[in-house]
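Colleague:
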Amino acid sequence: MRQITIKYQGECRKCGATLAVGATAIYERRVGIFCPECEPADTEEIRTYRREAADRKADKYEEWAGKRREKASAQLNSYPEVRHDYAFITQPGRIPFRDRMNRADGRAFESLQVAERMEAKADSLRHVRVKGDAEKRWQGLRDLNVERFKVGDVVDTGIYGRGTILKINKKTAKIGNTGTSGTFTINVDLAFLSPVKVEITNCEVK
Ligand SMILES: [Zn+2]
């Protein structure tokens with residue numbers, strides 16, 4: 106959301122107050138304008154406003170896609186008496202009516218593809234993301250790992266390979282790693298830790 110100076114009188118999306126020309130307002134594309142005091146600050150509040158706006162837009166896309174589909178499938182099912190007539194389809198030579206039908210079918214297929222893209226767009230619009238969502242996901246992984254790992258556990262650290270947890274901090278873990286270049290310690294984000302996968306290299310049955 107950003108600050109703008111009102112050029113056309115409008116209404117605050119939250120309190121309904123009139124925002125006169127020249128007034129300072131907070132704006133976000135598709136969401137609307139707010140008086141500075143009404144700017145949504147809370148993540149969930151921002152999400153609600155964005156979702157409403159995105160849903161309106163997505164509804165539009167789906168409506169357009171629906172109309173296209175209807176029209177296209179009407180074309181693709183037209184003239185059923187000849188559409189499945191093998192002689193009509195395969196007879197050599199030019200049949201103007203057949204040419205017209207093929208061209209119209211081609212356009213209908215294209216229209217269906219556009220409808221599909223519109224539906225995909227509507228779908229992605231409905232997935233509203235708010236700043237902080239990614240961090241929340243990382244924190245979820247950290248919380249999980251704090252639960253399941255303890256000092257002394259051998260874990261997979263991702264890019265640093267396997268190591269032993271020496272200390273668990275708030276967001277990171279101190280990992281001791283013995284590799285070809287000797288023993289070293291590193292601080293790794295708790296979110297990156299995962300259990301060591303058990304590798305079965307030899308399953309010989311005697
Ligand atoms: Zn307001």
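Sequential numbering of the sequence shown, starting at 106, is according to the numbering used here.
All residues carry an ideal CB built from backbone N, CA and C; glycine is no exception.
My output table needs one value for Lys241: the three-state DSSP class, helix, strand or coil.
Modeller: Position 136 of the sequence shown, counted from the start, is the residue given in the question as residue 241. The answer is helix: DSSP assigns Lys241 an H, G or I state.
Colleague: Anyone know if the C-beta pair for Leu271 and Asp160 falls short of 9 angstroms?
Modeller: The sequence position of residue 271 within the sequence shown is 166, counting from 1. The sequence position of residue 160 within the sequence shown is 55, counting from 1. No; because the gap between Cβ atoms is not below 9 angstroms, this pair is not in contact.
Colleague: Out of Tyr265, Leu181, Gln218, Ala146, state which residue places its alpha-carbon closest to the alpha-carbon of Trp169.
Modeller: Residue 169 sits at position 64 when you count from the first residue of the sequence shown. With distances taken between Cα atoms, Trp169 lies closest to Gln218.
Colleague: Rounded to a whole number of angstroms, what is the C-alpha to C-alpha distance between Lys119 and Cys143?
Modeller: By one-based count along the sequence shown, residue 119 stands at place 14. By one-based count along the sequence shown, residue 143 stands at place 38. Each residue's Cα considered, the two are about 6 angstroms apart.
Colleague: Ligand 1 heavy atoms versus the CB of Glu142: any closer than 8 angstroms?
Modeller: Here residue 142 is taken as the residue at index 37 of the sequence shown, counted from 1. It does: the Cβ of Glu142 is within 8 angstroms (strictly closer) of some heavy atom of ligand 1.
Colleague: Quick one: complete alpha helix (DSSP H) runs, 4+ long, within the region 129 to 207?
Modeller: The qualifying runs are 148 to 181, 185 to 188, 191 to 195.
Colleague: Alpha carbon to alpha carbon, how far is Glu157 from Gly171? Give it in angstroms, no decimals.
Modeller: In the sequence shown, counting from the first residue as 1, residue 171 sits at position 66. In the sequence shown, counting from the first residue as 1, residue 157 sits at position 52. Approximately 21 angstroms, taken between the alpha carbons.
Colleague: Rounding to the nearest angstrom, what Cα-Cα distance links Trp243 and Lys279 in this structure?
Modeller: By one-based count along the sequence shown, residue 243 stands at place 138. By one-based count along the sequence shown, residue 279 stands at place 174. Trp243 and Lys279: Cα-Cα distance of roughly 18 angstroms.
Colleague: Can you have a look at Gly266 and say buried or exposed, based on whether 16 or more other CB atoms are within 10 angstroms of its CB?
Modeller: On the sequence shown, residue 266 is found 161 positions in, with the first residue counted as 1. So Gly266 ends up on the exposed side.
Colleague: Under three-state DSSP, which class holds Gln218?
Modeller: Mapped onto the sequence shown, residue 218 falls at position 113. Correct three-state label for Gln218: helix.
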